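Q: Chains as they are written, first to last, in the working numbering: chain A, 1 to 276; chain B, 1001 to 1303.
1. Helix, strand or coil: which one does DSSP assign to residue 1141 (chain B)?
2. Using a cut-off of 7 Å between C-beta atoms, extract the partners of residue 1029 (chain B) located in chain A.
3. Within 8 Å of any Cβ in chain B, is that where the Cβ of residue 167 (chain A) sits?
4. Check whether the segment 240-253 of chain A and the segment 160-180 of chain A are in contact - that is, three or more C-beta pairs closer than 8 Å.
5. For chain A, find out if any of its Cβ atoms is closer than 8 Å to the Cβ of residue 1094 (chain B); answer yes or no.
6. Based on the DSSP secondary-structure assignment, which residues constitute the bridge partners of residue 1043 (chain B)?
7. What are the start and end residues of each continuous alpha helix (DSSP H) run of 4 or more residues lying completely inside the segment 1068-1116 of chain B, in chain order?
8. Give me the Cβ distance between residue 172 (chain A) and residue 36 (chain A), rounded to the nearest whole Å; I'm assuming they're in contact under 8 Å.
9. So is residue 34 (chain A) in contact with chain B if we call contact Cβ pairs under 8 Å?
10. Starting from residue 1054 (chain B), follow its DSSP beta bridges and name the residues at the other end.
11. Considering residue 1246 (chain B), what are the terminal residues of the alpha helix (DSSP H) in which it resides?
12. Throw me the rounded Cβ distance for the residue 15 (chain A) and residue 1108 (chain B) pair, which I believe falls under 8 Å.
13. Who are the near neighbours of residue 1165 (chain B) in its chain, counting only those whose CB is closer than 8 Å to its CB and skipping five residues on each side?
14. Of the choices A:116, A:119, A:144, whose alpha-carbon is the least far from that of residue 128 (chain A)?
15. From B:1168, B:1133, B:1182, B:1237, pick the residue whose C-alpha is nearest to that of residue 29 (chain A); which is it?
16. Could you check what DSSP says for residue 1001 (chain B) in three-state terms: helix, strand or coil?
17. Scan the segment 29-59 of chain A for residues whose Cβ lies nearer than 7 Å to a Cβ of chain B and list them as they occur along the chain.
18. Would you mind giving the Cβ-Cβ distance between residue 164 (chain A) and residue 190 (chain A), rounded to the nearest angstrom? I have them listed as a contact below 8 Å.
19. Check whether the Cβ of residue 207 (chain A) lies closer than 8 Å to any Cβ atom in chain B.
20. Using the C-alpha atoms, what's the distance from residue 113 (chain A) back to residue 1188 (chain B)?
21. Run through chain A and tell me which residues come within less than 7 Å of residue 1125 (chain B), C-beta to C-beta.
22. For residue 1023 (chain B), which residues of its own chain have a beta-carbon under 7 Å away from its beta-carbon, when the five flanking residues on both sides are left out?
23. Give me, in chain order, the residues of the same chain whose beta-carbon lies closer than 6 Å to that of residue 80 (chain A); leave out the 5 immediate sequence neighbours on both sides.
24. Go to residue 58 (chain A), then tell me how far its alpha helix (DSSP H) extends in each direction, as first and last residue.
25. Count the other CB atoms, across all protein chains shown, that sit within 10 Å of the CB of residue 47 (chain A); report buried if there are 16 or more and exposed otherwise.
26. Should residue 1085 (chain B) and residue 1234 (chain B) be called a contact, given that it needs their Cβ atoms to be closer than 8 Å?
27. Taking any Cβ of chain B, which residues in the segment 126-159 of chain A have a Cβ under 7 Å from it, in chain order?
28. Provide the residue span of the alpha helix (DSSP H) that contains residue 1186 (chain B), from first to last.
29. Does the separation of the CB atoms of residue 1264 (chain B) and residue 1043 (chain B) fall below 8 Å?
30. What residues are listed by DSSP as bridge partners for residue 233 (chain A)?
31. Take residue 78 (chain A) and list the residues in its own chain whose beta-carbon comes closer than 7 Å to its own, dropping the five residues that flank it on each side.
32. Return the first residue and the last residue of the alpha helix (DSSP H) that residue 1007 (chain B) is part of.
33. Check distances from the C-beta atoms of the segment 1245-1257 of chain B to those of chain A and list, in chain order, the residues that come in under 8 Å.
34. Provide the residue span of the alpha helix (DSSP H) that contains residue 71 (chain A), from first to last.
35. Helix, strand or coil: how does DSSP classify residue 147 (chain A) here?
36. If you count every other CB in all the chains shown that lies within 10 Å of the CB of residue 1280 (chain B), and 16 or more means buried, which is it?
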């Protein structure tokens, strides 16, 4: 009996302790639950009285803010499509074709992608983009992200494709399908969950990133939300908190929705790539 | 019987081409370009913007010039700062907290688990500028949530961003990145056969004993993987910029922020590139170590 009691108390203690850590983790975000709905929001924590949507109205009337969200969308969708397309083709080839040196390619890619980080490569990337004449364009941001995200996307997808039996495509080809047909009609539908993972991962990465657009874009009308948000300051240099809070919430929404989608569809956990 | 290939070499090469071009242009070319620029006096503006001159090792000598190597705002200062930042926020903060959370989550009721996981993962996936702004409000002197709570329990308030900027970015980065270690260790613990723990339960082992004698030894490989990855990421992270801009003074100028300032605020691309090369060399050491560990663990194959 006492054993049971001790066990119960132990479990309750663990649960309490875990919930406490969770609560501490939530603290810096609590302000965000209230400020967007408070028409007199300041940096201090306050329950809005009354709850109001006027901050959001303010955002919607700000054409610069709305355009920045559109720019984020252009850059994220463009980059994501490019990554998904190129990574699917390349990882399929790495998995299925008898190319010489496949293993070496994977090895070199892994090495380069981890060595050439944003902080190390910001100078050459800026210089290259300037020389190519595409500085301050959506295209520059899309291309740089595509190149940077591709190696990891390829690892995730290659793992996925390696896990699918070759016999699927083999039987299609025995039945007379060409290799390209076997890829599009047989392999692609089976790989689709892996592609979805890559799409979500790439989108969230580009949508949330700051450094690359911050360096590559100069004109206000091309800035994504992550950079534009820094212009919501009054002429005195203090942040316009009401506008910032509502905007940050709108800007976070796609990421939150994608997270919910992924955890509902697959359960949020690791796929391939990071194997121990 | 010869195994017939699903994709001819030619089709395979065609499939690889788009990815090859993109990775080549934006990962591999910058790798060599940054080395080249680091040997020049290239600037953003002025005469040397168009006609940079070859200056040999001058940029490196400047970075490592011994008499002011460790002065605030100099390369050595940022390097030491970054090492401390990695040590405290990644190795101690993220890994230890992630481990503790992963272990606790194995043995708490589902709702507690789900809520804690959601918050910790939320800190990790929300856009970095949003997080930066949330923390700015959280730490605000006058009305910030933290000082408000300290008031409520009768403790003195602090001007955190001004007085303890380094510890602010350490705690901030721990908070931001713990999710990765937590999830990695969580899936590692989940892969241990439950019978191991049941046997220990029968013997009356405490949770700490089970962790020390069964859990931790069995996921040692995952721990090494995690430590190397979070070290590399933290070493290169730019996010503290969104909270402190590297200041006040140069007190939070980790290497990524230092590179940005030298190249894009002081317009000295040559020197910024030299920092980039040193950072890449350090990254390379970590990556090779990682590949070596990964290869040792899967007998007979590369990563």
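C-beta atoms are modelled at their ideal positions from N, C-alpha and C, and glycine is treated no differently.
Just so you know, these numbers come straight off a predicted model, no measurement behind them.
A: The relevant details are as follows:
1. coil
2. 128
3. no
4. no
5. no
6. B:1268
7. 1075-1085, 1095-1105
8. Actually they do not touch by this definition, with Cβ atoms about 52 Å apart.
9. no
10. B:1040
11. Careful: residue 1246 (chain B) lies outside any alpha helix (DSSP H) and carries neither H nor E.
12. 5 Å
13. 1244, 1247, 1248, 1251, 1252
14. A:144
15. B:1133
16. Because the pLDDT at residue 1001 (chain B) is just 37, under 50, the model does not fix this residue reliably, and the point stays unresolved.
17. 29, 30, 31, 32, 42, 43, 44, 45
18. 5 Å
19. yes
20. 25 Å
21. 204, 255, 259
22. none
23. 199, 202, 203
24. 54-60
25. exposed
26. yes
27. 127, 128, 143, 144, 146, 147, 148, 150, 151, 154
28. 1165-1190
29. no
30. A:239
31. 138, 142
32. Here residue 1007 (chain B) belongs to no alpha helix (DSSP H), and DSSP marks it neither H nor E.
33. 1255, 1256
34. 63-96
35. helix
36. buried
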